[in-house]
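Residue numbers (the working numbering), protein chains in the order written: chain A, 264 to 599; chain B, 264 to 599; chain C, 264 to 599; chain D, 264 to 599. Don't be surprised by glycine CBs; every beta carbon is placed ideally from N, CA and C. Here the structure is a predicted model, which is why all the values come from computation and not from measurement.
4 protein chains.
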Amino acid sequence: MIVAVKKGADQKQIDNLLSWLRTQGIQPSLSVGSHQTVIGCIGDVSRIDIGLVRALDVVESVQRIQEPYKDANRKFHPEDTVVDCGGPKIGGGNFQTIAGPCSVESEEQITGIAKAVKASGASMLRGGAFKPRTSPYSFQGLGAEGIKMLAAAKKETGLPIVTEIMNIAHLPLFADVDVIQVGARNMQNFELLKELGHCGKPVLLKRGMANTLEELLMSAEYVMSGGNANVILCERGIRTFETATRNTIDLSVVPVLHHLSHLPVVIDPSHSTGASRLVEPLSVAAAAIGADGLIIEVHNDPAHAKCDGAQSQTPAMFDETMKKVRAVLPFACKDR
Amino acid sequence: MIVAVKKGADQKQIDNLLSWLRTQGIQPSLSVGSHQTVIGCIGDVSRIDIGLVRALDVVESVQRIQEPYKDANRKFHPEDTVVDCGGPKIGGGNFQTIAGPCSVESEEQITGIAKAVKASGASMLRGGAFKPRTSPYSFQGLGAEGIKMLAAAKKETGLPIVTEIMNIAHLPLFADVDVIQVGARNMQNFELLKELGHCGKPVLLKRGMANTLEELLMSAEYVMSGGNANVILCERGIRTFETATRNTIDLSVVPVLHHLSHLPVVIDPSHSTGASRLVEPLSVAAAAIGADGLIIEVHNDPAHAKCDGAQSQTPAMFDETMKKVRAVLPFACKDR
Amino acid sequence: MIVAVKKGADQKQIDNLLSWLRTQGIQPSLSVGSHQTVIGCIGDVSRIDIGLVRALDVVESVQRIQEPYKDANRKFHPEDTVVDCGGPKIGGGNFQTIAGPCSVESEEQITGIAKAVKASGASMLRGGAFKPRTSPYSFQGLGAEGIKMLAAAKKETGLPIVTEIMNIAHLPLFADVDVIQVGARNMQNFELLKELGHCGKPVLLKRGMANTLEELLMSAEYVMSGGNANVILCERGIRTFETATRNTIDLSVVPVLHHLSHLPVVIDPSHSTGASRLVEPLSVAAAAIGADGLIIEVHNDPAHAKCDGAQSQTPAMFDETMKKVRAVLPFACKDR
Amino acid sequence: MIVAVKKGADQKQIDNLLSWLRTQGIQPSLSVGSHQTVIGCIGDVSRIDIGLVRALDVVESVQRIQEPYKDANRKFHPEDTVVDCGGPKIGGGNFQTIAGPCSVESEEQITGIAKAVKASGASMLRGGAFKPRTSPYSFQGLGAEGIKMLAAAKKETGLPIVTEIMNIAHLPLFADVDVIQVGARNMQNFELLKELGHCGKPVLLKRGMANTLEELLMSAEYVMSGGNANVILCERGIRTFETATRNTIDLSVVPVLHHLSHLPVVIDPSHSTGASRLVEPLSVAAAAIGADGLIIEVHNDPAHAKCDGAQSQTPAMFDETMKKVRAVLPFACKDR
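Below you can see the structure in the form of structure tokens.
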């Protein structure tokens with residue numbers, strides 16, 4: 264952390280600042296120039312409130328240099344993390360596709376879709392049982408019943424299952440679930456993240472729609488600092504002024520996150536675009552740029568889906584997408 | 264809801280669309296023009312997934328006309344809602360100021376601040392017991408102990424207390440709390456909102472930093488549709504590209520929300536700006552534009568506050584701010 | 264400027280970096296700590312490409328400390344600038360209201376509106392002669408003819424006139440214009456700004472809809488460094504994801520800009536909100552927070568205005584707004 | 264255009280609205296339902312100010328259905344436009360890479376880079392002669408001298424040249440230029456766009472950093488409606504809250520623009536990311552998603568480049584990128 268001192272500060276003020284910094288567990292190192300006095304702060308600054316330092320009378324500006332996350336930081340863990348998702352491995356060169364409907368609607372539906380997406384090359388099944396909906400009047404998911412249907416589809420097809428948790432109290436219902444998803448709206452539900460740090464299952468953590476990559480990594484840190492190293496990062500687009508697509512997704516987050524962190528990065532082309540027509544091109548681009556996986560909404564009958572039908576591919580579209588993704592994978596960027 | 268049909272659609276496709284709309288509980292009314300065919304949809308469209316209609320082959324575009332919220336809608340409730348916050352009333356011409364520290368740190372601290380802000384004119388005491396922090400390594404609040412300290416300060420000063428909930432399981436600890444705050448990061452924690460719909464206490468609902476006003480009202484609807492009509496909306500700024508202030512707050516949300524809804528609207532100048540120096544001017548402007556109240560961070564010793572010191576006013580600054588707010592209130596805009 | 268050196272950099276790399284910095288006209292001062300080596304850079308860094316320094320192999324991060332603008336910087340010019348707009352003075356405690364139609368449509372129209380707004384208390388007349396329109400098929404303004412009509416209205420009423428320039432080649436047509444407006448879309452039309460640095464007339468510089476306050480001040484610097492110190496800053500809202508208002512305007516830019524710069528700050532409530540109904544409350548709030556002036560669209564017949572009718576007040580609405588603004592002005596925030 | 268009438272409007276108000284719409288050259292068609300009355304508007308609504316209609320007392324809401332652009336609209340021009348750039352063709356299946364330095368610095372520099380990028384597979388040379396810089400104190404480009412150097416490099420290598428125009432008055436200097444670039448900051452410099460509509464040269468039109476795709480197409484329409492059909496759209500990222508990259512680029516604009524328009528779409532990975540390390544992965548992804556070309560900054564000595572060195576690739580990096588782009592191109596998405 265670098266603190267620039269205001270022009271005109273007197274020696275007493277600077278001494279007070281230095282001694283205050285020491286009370287915060289920091290070793291300050293003063294550097295006096297003819298135009299600018301700066302203080303370099305060595306030590307663990309992750310617990311310092313930078314806004315507070317900035318507010319001190321004598322301080323001109325403050326800049327943090329080190330990332331505030333540790334467990335998720337590639338600097339302290341140079342090797343790619345490979346997460347075992349109940350069989351399929353993701354990260355470190357292992358690419359996986361998770362597919363399935365927005366919501367589980369019936370055992371027949373979910374098993375039918377599971378078979379279809381497996382045949383096209385998906386290695387995990389997704390399906391919402393607890394659904395976060397903007398309106399209280401929209402379908403809220405089948406809940407515990409939906410998880411049982413997912414488990415039945417898993418038994419039938421062998422595909423591990425991925426589904427979203429919205430409430431810590433539901434955790435016991437997730438015994439058969441292989442990967443627990445934290446949705447974008449809960450990325451900073453810190454109480455939930457803390458609990459998942461002890462749950463022993465891989466966590467698919469979606470980026471919130473107004474959250475920076477640093478905040479995403481801090482939320483991963485909540486899970487990891489609790490003892491659960493199996494975090495999969497998922498980008499699904501952020502909210503901007505553009506309305507031509509549902510969200511705005513910048514695929515360069517893939518190399519950026521790979522540079523900052525050792526965790527695998529999965530792309531969600533369905534929620535990013537909100538349009539089934541755009542899922543294939545974005546999936547192909549995500550594979551090309553070096554993502555570790557995809558999570559795609561597939562529904563046998565999008566026009567009658569209980570939610571998000573507009574962005575769901577049909578099994579036939581998904582099959583075509585998987586062919587194109589497989590074709591491009593050998594040419595994917597591999598830089599870390 | 265208005266559905267525009269694609270040019271070149273044949274009669275069979277249009278008939279299918281009309282009959283599909285009827286299965287969704289809608290009465291469609293066809294209007295054929297020489298250049299454009301449109302279908303007006305009468306009935307309760309709040310449960311229809313507009314994205315899905317938009318995805319149908321034969322559909323050019325879809326527009327919703329009615330707001331998707333009912334209980335929060337001024338159209339169905341023309342009178343201002345007045346929320347009783349354990350004594351002080353807010354809304355309908357009643358202006359209240361809630362003040363106190365970001366975090367409760369000790370009984371002495373919170374009681375001292377409570378006395379100070381009461382003397383300056385605050386009518387409610389705020390203070391965080393459970394704190395949502397971006398980093399797992401930051402101070403997380405005193406929890407249940409903090410709520411007891413707030414209750415002691417309430418006993419001492421008579422000020423009703425406002426504090427944030429982050430976990431449904433903590434609800435029993437909030438028995439002495441007068442107004443339960445839902446933070447920006449939990450604005451779409453729908454499980455929490457549903458529970459608060461049954462809790463019988465006023466809810467101060469903060470806008471999420473990437474949420475539209477419509478989504479804020481939909482979250483209010485989650486609480487209200489559960490039976491709790493006592494919702495206070497709180498604007499605390501949204502996230503944009505500008506970095507000169509912590510968030511970007513558009514005060515015109517006050518007249519906009521008053522037009523759309525009958526619920527009271529409170530402004531949080533502390534989190535909006537992130538800078539204690541800006542709290543006074545923004546408070547004065549908020550009062551002038553017709554807000555129903557303010558929620559302001561005040562700390563006796565900002566430089567040693569355990570969180571958000573940078574944006575906390577001292578009691579002396581707060582006293583000055585309250586004088587200016589009171590001076591401007593008689594000239595505040597009153598339009599609804 | 265503070266440069267943090269990568270951990271593990273050897274002495275040779277650091278020496279190269281120091282000597283490279285010296286070639287850029289900078290005096291570097293090395294500060295070696297046990298965990299972090301930093302280089303403080305004294306001297307004029309305004310010409311250094313910080314992105315370039317950041318890209319050097321040996322560099323971990325770079326932070327600028329000093330603002331990149333000088334002429335517009337309050338640090339080097341502590342007194343408020345007062346701009347003489349052909350009679351009315353703005354800034355330094357002088358509040359002015361500029362009013363008039365989006366477009367000049369006829370001499371009768373502009374003169375009529377000029378008389379009306381003058382009677383209500385406006386001290387300057389605005390009106391577009393050259394109009395920036397998103398569509399080439401929209402009305403583009405009356406051009407030179409429009410400026411003549413403005414001049415006629417000025418002659419009739421004595422109100423100085425403010426109008427927008429879009430093309431350097433038009434400058435000779437602006438001889439009778441008192442204040443030249445640079446629109447939001449041209450805030451970074453640097454060729455235009457450079458010319459206006461020599462024009463000898465006050466410039467009303469509108470913030471671009473995706474520009475930071477720092478960029479706004481850099482654009483002011485383009486005009487000022489050319490020799491024209493008479494710049495009036497104008498905030499008209501930025502573009503965000505929210506669609507309830509046309510743009511998102513954060514009035515805390517007023518105290519922020521007053522802190523950073525000595526230039527007057529004017530608020531445009533009409534373009535900010537896009538809705539005539541919201542102009543009054545935002546105007547009152549702008550006056551309360553300490554703005555130096557307002558620029559408001561007023562049209563005698565908004566429903567038949569050739570552009571932006573939706574946001575234009577009628578003369579009666581404007582008269583009411585002016586009364587409320589005058590009432591709140593004595594209580595306005597005055598901090599700098 | 265669909266106009267929804269407010270509940271409770273009486274027949275007289277509706278009749279007035281219908282007759283007003285007719286005066287605007289529109290044929291309104293009334294559709295009265297039991298809950299909602301709507302008016303479908305047939306005819307050319309591109310000149311109607313929708314905000315104005317929305318502001319009428321009797322109007323609840325208004326929605327435009329047809330796109331406001333015509334010449335750029337794929338509906339009226341289903342075939343891909345192929346632009347001849349002085350030899351190389353772009354669009355309709357023709358992929359081209361434009362490469363070169365941010366700024367032209369000397370004839371030796373530009374010719375050297377031209378040879379290098381040609382050897383790696385670039386088919387056009389870029390280089391800035393007139394540079395838009397945020398600061399008036401930054402290097403502003405060599406101007407006319409720079410264009411002469413570009414022409415010399417073209418003569419030496421045969422590569423057509425692409426360079427930016429900032430001022431209409433400079434147009435005569437662009438005689439030897441093959442493709443005229445309009446920068447992001449000038450995307451809505453309508454005076455410039457109008458002139459380029461008559462210039463007879465291909466125009467590379469960059470999206471502004473706060474502009475929607477619809478606005479980009481409207482700016483293309485300015486050029487095209489003037490008689491110049493040779494417009495190449497260029498995406499270079501938009502401005503958001505995320506700071507990990509310079510801008511945020513959503514590659515799904517490629518299929519979206521291809522759907523809306525017949526114009527070719529080029530991606531600028533250099534300005535999008537602001538980091539040379541990210542140029543290769545984004546280039547590969549852009550090729551995979553179906554872009555018609557790339558425009559990449561290449562500098563022989565980025566650490567001494569006069570601007571934007573941080574995002575410039577070296578010739579060796581560019582050579583490697585071109586190999587990966589060529590490898591992925593056969594698998595690129597081709598959907599329109």
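If only complete runs of 3 or more residues are kept, the region 503-546 of chain A shows the beta strand (DSSP E) at 528-530, in order along the chain. Using a Cβ-Cβ cut-off of 8 Å, N430 of chain B is close to I431, E454 of chain A, given in chain order. Not one beta carbon of chain D lies nearer than 7 Å to the beta carbon of S515 of chain B. Shown here, T475 of chain A sits in coil according to DSSP, grouped into three states, outside any helix or strand. By the criterion of at least three beta-carbon pairs nearer than 8 Å, the region 497-509 of chain C is in contact with the region 465-474 of chain C. Scanning the region 419-498 of chain C for uninterrupted alpha helix (DSSP H) segments of 4 residues or longer gives 453-459, 476-487, listed from N- to C-terminal end. Setting aside the 5 residues that flank it on each side, A566 of chain C is surrounded in the same chain by G572, each with a C-beta closer than 7 Å to its C-beta; the list follows chain order.
The DSSP-derived three-state label of T286 of chain A is helix. At least one CB atom of chain A sits nearer than 7 Å to the CB of F594 of chain D. Nearest to V547 of chain D by alpha-carbon distance, out of D:V529, D:L280, D:E371, is D:V529. For D439 of chain A, the closest of A:G446, A:N449, A:E408, A:L456 by C-alpha to C-alpha distance is A:E408. Of all residues in the region 560-576 of chain D, the ones placed with a Cβ closer than 9 Å to any Cβ belonging to chain C are P565, A566, H567, A568, K569, C570, D571, G572, A573, Q574, S575, in chain order. In its chain, beyond the 5 residues on either side, S539, V542, V561 have a beta carbon closer than 6 Å to the beta carbon of Q576 of chain D. In the three-state reduction of the DSSP assignment, V345 of chain B falls in the coil class. Sequence-ordered contacts of the region 311-331 of chain A with chain C read E323, S324, Q326, I328 [C-beta pairs closer than 7 Å].
Residue-level contact by beta carbon fails for A538 of chain D and chain B, as no gap is shorter than 7 Å. For P465 of chain A, the closest Cβ of chain D is not nearer than 7 Å. I501, R502, T503, F504, E505, T506, A507, T508, N510, T511, I512, D513: these are the residues of the region 501-513 of chain C whose beta carbon lies less than 9 Å from some beta carbon of chain B, given in chain order. Secondary structure of E323 of chain B (DSSP, three-state): strand. Counting along the chain, the unbroken beta strand (DSSP E) around Q359 of chain A starts and ends at 359-363. For E560 of chain B, the enclosing beta strand (DSSP E) has its first and last residue at 556-560. The Cβ-Cβ distance between P423 of chain D and C304 of chain D does not fall below 7 Å. Annotation: I328 of chain B is outside any beta strand (DSSP E) and is labelled neither H nor E by DSSP. In the displayed model, M585 of chain B falls within a helix according to three-state DSSP. Taking a contact as a CB-CB distance under 8 Å, the pair P527 of chain A and G556 of chain A counts as one, their CB atoms being some 7 Å apart.
Burial check for K394 of chain D: the Cβ neighbour count within 10 Å reaches 16 or more, so the residue is buried.
Just so you know, the alpha carbons of Q372 of chain A and G406 of chain A end up roughly 16 Å apart. A Cβ-Cβ contact shorter than 7 Å links T374 of chain C with E419 of chain C. Under the 7 Å criterion on CB atoms, V519 of chain B is classed as interfacial with respect to chain C. Taking 7 Å as the cut-off, the beta carbon of G404 of chain D is found closer than this to the beta carbon of G391 of chain D. Here L514 of chain B is not near A335 of chain B, since their CB atoms are 7 Å or more apart. Residues of the region 542-557 of chain C with a C-beta less than 8 Å from any C-beta of chain B: E543, P544, L545, V547, A548, A549, A550, A551, I552, G553, listed in chain order. Judged by their CB atoms, A416 of chain B and A362 of chain B are not nearer to each other than the 7 Å cut-off.
Counting along the chain, A267 of chain A sits inside no alpha helix (DSSP H); it lies in the beta strand (DSSP E) bounded by residues 265-268. Shortest Cα-Cα distance from I428 of chain A to any of A:C570, A:S401, A:P465, A:S398 involves A:P465. The C-alpha of I443 of chain C lies about 12 Å from the C-alpha of M387 of chain C.
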